[in-house]
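The C-terminal position of the sequence shown is numbered 104 in numbering that gives the first Met the number 0, with every residue numbered one higher than the one before it.
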Amino acid sequence: MVFLRCEAVRWVDDEPRPGLIEVRFTDAHHQQWAFIDKWPVFAGGDNLAPDSRYPAEVSILCNILTTGNTTDTSDTVKISVTPWGLESLEGHVEFEVRADQLTTS
């Protein structure tokens, strides 16, 4: 399993249960993307609550679509965040990220 490292930046709402959080990351092209979903969708978000300290590190389960691209001096990877049915607030599901933004744990 491969995960994209992100930050939970705020608690959005208590409904629907068990509660919604906003998560963000910056892609390989320096564009920031945001997601809002139930906190259990994000790995590492187990202990998040309205009164938690934000930002908090979380991860998104993802699929690797392509590897080996080079942008500037960083290796990049094209990923999809569809395993849990996520999409960004803008409706995007595929992103190009730096390889160092990915983890297997």
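Built from N, CA and C at the ideal position, the CB exists for glycine as well. What you are looking at is a predicted structure, and each value in this text was computed from that prediction instead of being measured.
Open item on the list: Per the DSSP calculation, Ala7 is bridged to which residue(s)?
Closed with: Paired residues: Val22, Ala55.
Task: CA-to-CA distance, Asp50 to Trp78, given in whole angstroms - done: For the sequence presented, residue 78 should be read as Ile rather than Trp. So the two alpha carbons sit approximately 32 Å from each other.
Open item on the list: In this structure, how does DSSP classify Thr81 when only helix, strand and coil are distinguished?
Closed with: helix
Task: CA nearest to the CA of Asp12, picked from His28, Arg23, Glu86, Trp38 - done: Comparing Cα positions, the closest option is Trp38.
- [ ] Compare the beta carbon distance of Val92 and Thr102 with 8 Å and say whether it is the shorter of the two.
- [x] no
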